[in-house]
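Engineer: Residue 5 in the numbering used here sits at position 2 of the sequence shown, and the numbers go up by one each step. Below are the structure tokens for one structure; questions will follow.
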Amino acid sequence: MCEKIIAACGNNCAVCPRYNVPPYTKTAEELHHTAELWYKIGYRDHVVTNEEIACTGCKEENWCRYRLVKCVNEKHIAHCGQCENYPCDVIKACFTVTGSFIPTCKKACTPEDFETLRKHFSRKKRT
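Spelled out as structure tokens, the structure:
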């Protein structure tokens with residue numbers, strides 16, 4: 004059960020610990036663990052609720068620091084990798100921020116959690 008589901012930015016949703024869509028549904032414990040992990044890593048400033056950490060995919064109404072969902076929707080493409088301007092300055096900034104969290108992730112995560120995050124986020128540049 005690892006069909007690739009590519010987010011607007013290039014993340015692989017199928018291996019994301021937040022992605023909560025059948026058949027990738029997470030338990031309450033898994034979502035809470037992810038909320039705690041996001042706090043330890045620095046992705047959130049507090050441990051959020053399971054409802055807040057759970058993700059059902061890219062939608063314009065979801066918060067996105069880079070507004071990539073809006074951009075890909077306006078261009079009628081599925082993800083940034085399909086854009087004729089790829090990689091643009093916005094997605095390059097996204098790569099930089101994602102990369103900046105790697106040292107913190109290595110310190111805060113178990114090897115298993117780090118591998119999960121690596122699989123989820125490392126796809127970004129390959130889309």
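All C-beta atoms in this analysis are idealised placements derived from N, C-alpha and C, irrespective of residue type, glycine included.
1) Flag this pair as yes or no: are the beta carbons of Ala132 and Ile9 separated by less than 8 Å?
2) For Cys12, name the three-state secondary structure that DSSP assigns.
3) Do you know offhand how far Cys83's Cα is from His49's?
4) What would DSSP say about Cys91, mapped onto helix, strand or coil?
5) Could you please give me the residues that DSSP links to Tyr22 through a beta bridge?
6) Could you check if Gly13 is buried or exposed, using at least 16 other CB atoms within 10 Å of its CB as the buried criterion?
7) Is the segment 91-106 touching the segment 63-73 in the sense that three or more CB pairs, one from each, lie closer than 8 Å?
Structural biologist: To lay it out plainly:
1) With the chain represented from 4 up to 130, any question about residue 132 goes unanswered, as that position is not in the structure.
2) In the structure shown, Cys12 sits in coil (DSSP, three-state: anything other than H, G, I, E or B).
3) Their backbone Cα atoms lie some 30 Å apart in a straight line.
4) In the three-state reduction of the DSSP assignment, Cys91 falls in the coil class, being assigned neither a helical nor a strand state.
5) As a beta-bridge residue in DSSP terms, Tyr22 pairs with Cys58.
6) Burial call: buried.
7) The answer is yes - the segment 91-106 touches the segment 63-73, with three or more Cβ pairs under 8 Å.
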